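Remarks on the structure that follows.
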Amino acid sequence: MTLVTVINEVADIVSLDRFDSVYGTNDPNAQTMVALAEEAGAEIARRADWKRMLTTHAVSASPELLPSDYQRLAPGGAVRAADGHFFRPIANGAQWAVIVGIASAEPYCHLRGREMLFSPAAFAAGATIEYVSKNWVLGDPYEERDAFRADDDTTLFPERLLKKGLIWRWKRQKGLPYEDNLAEFEADLLQEINADRGVS
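If you're matching positions, the sequence shown starts at 20 in this note's numbering and goes up one per residue.
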């Protein structure tokens, strides 16, 4: 489903007329729908490590600047050396200062802002970082980004979640009862996250 398709399905449910176009129009209802779709999509994207949003980055040196679409490291062993060993992540800056001061054969990494640091630095070359991209929208021609820009944009997570997230947000904004719709959205979100992970 595309952005305009999702919004028109929601329009049917909330008793609005269907739209010919929603992105960039002057229709206040269309503008509200797009804004709520952006809000819903951004939340859905943040709430899981969707497989279609996972990507890798090849490391050349230490420190390595992470790509502009970097959101967060993938769970469990996100940084691997060229020989297949995993880097042990160090989150604390003080611990990192101790580790770089002591020679070690064990590979460590530390994320500082958008820079990934490695110790020993020689292990950085050829390493791979797996991360979750902040891009959750697929445009044409297959351009991934973090916001809608056209009626025919789609999402990198199941579109039905966008529809469900849009329904409860619309109702909440209009002062209508939305709690049942929110509960349905949450249940479907959990089901889709488990399906994306291969858990039944």
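All C-beta atoms, glycine included, are put in the ideal place defined by N, C-alpha and C.
Given the structure is predicted, the values throughout are model-derived calculations rather than measurements.
Legend entry - Spatial distance of Gln210 from Asn200 (CA atoms): Within the sequence shown, residue 210 is the residue found at index 191, counting from 1. Within the sequence shown, residue 200 is the residue found at index 181, counting from 1. For Gln210 and Asn200, the distance between alpha carbons rounds to 15 Å.
Inset, instruction - Assuming Ile63 contacts Leu185 (C-beta within less than 8 Å), just tell me the rounded distance between them. - result: Within the sequence shown, residue 63 is the residue found at index 44, counting from 1. Within the sequence shown, residue 185 is the residue found at index 166, counting from 1. About 10 Å; that fails the 8 Å criterion.
Inset, instruction - With DSSP collapsed to three states, give me the class of Ile148. - result: Counting from one through the sequence shown, the residue named residue 148 turns up at place 129. Strand at Ile148.
Legend entry - Neighbour-count burial assignment, Ile32, 16 or more Cβ in a 10 Å radius: Here residue 32 is taken as the residue at index 13 of the sequence shown, counted from 1. Looking at its Cβ environment, which holds fewer than 16 other Cβ atoms inside 10 Å, Ile32 is exposed.
Inset, instruction - Determine the extent of the beta strand (DSSP E) in which Leu136 is found, giving its start and end residues. - result: Here residue 136 is taken as the residue at index 117 of the sequence shown, counted from 1. From DSSP, the beta strand (DSSP E) with Leu136 extends over Glu134 to Ser138.
Inset, instruction - Evaluate Pro126 with the Cβ neighbour count: other Cβ atoms within 10 Å of its Cβ, from every protein chain shown; 16 or more gives buried, anything less gives exposed. - result: What you label residue 126 is simply residue 107 of the sequence shown in a count that begins at 1. The residue is buried, with at least 16 neighbouring Cβ atoms inside 10 Å.
Inset, instruction - Please state whether DSSP places Ala77 in a helix, a strand or coil. - result: Position 58 of the sequence shown, counted from the start, is the residue given in the question as residue 77. Reduced to three states, the DSSP call for Ala77 is strand.
Legend entry - CA-to-CA distance, Glu57 to Phe99, given in whole angstroms: Sequence index remark: in the sequence shown, residue 99 carries index 80 (1-based). Sequence index remark: in the sequence shown, residue 57 carries index 38 (1-based). A quick correction: the sequence has Arg, not Phe, at residue 99. Their Cα atoms are separated by approximately 34 Å.
Legend entry - Straight-line gap, Leu157 to Ser138 (C-alpha atoms, nearest Å): As a working mapping, residue 157 is identified with position 138 in the sequence shown. As a working mapping, residue 138 is identified with position 119 in the sequence shown. Taking the straight line joining both Cα atoms gives about 36 Å.
Legend entry - Proximity below 8 Å, CB of Trp69 to CB of Asp172: As a working note, residue 69 is residue 50 in the sequence shown. As a working note, residue 172 is residue 153 in the sequence shown. The criterion of a C-beta distance shorter than 8 Å is not satisfied by Trp69 and Asp172.
Legend entry - Candidates Ser34, Tyr161 and Asn27: closest to Leu195 by CA position: The sequence position of residue 195 within the sequence shown is 176, counting from 1. That would be Ser34, whose Cα lies nearest to the Cα of Leu195.
Inset, instruction - Leaving aside the five residues before and after Lys190 along the sequence, list all residues of the same chain whose C-beta is less than 8 Å from its C-beta, in chain order. - result: Taking the first residue of the sequence shown as 1, we reach residue 190 at position 171. The answer, listed in chain order, is Val33, Pro196, Tyr197 and Asn200.
Inset, instruction - Report buried or exposed for Ala30, applying the criterion of at least 16 other Cβ atoms within 10 angstroms of its Cβ. - result: By 1-based counting over the sequence shown, the position of residue 30 is 11. So Ala30 ends up on the buried side.
Legend entry - Stretch pair the segment 78-86 + the segment 113-123: three plus CB contacts closer than 8 Å: no
Inset, instruction - In angstroms with no decimal places, state the Cα-to-Cα distance between Trp187 and Gly103. - result: One-based indexing of the sequence shown puts residue 187 at position 168. One-based indexing of the sequence shown puts residue 103 at position 84. Going by the C-alpha atoms only, they are around 45 Å apart.
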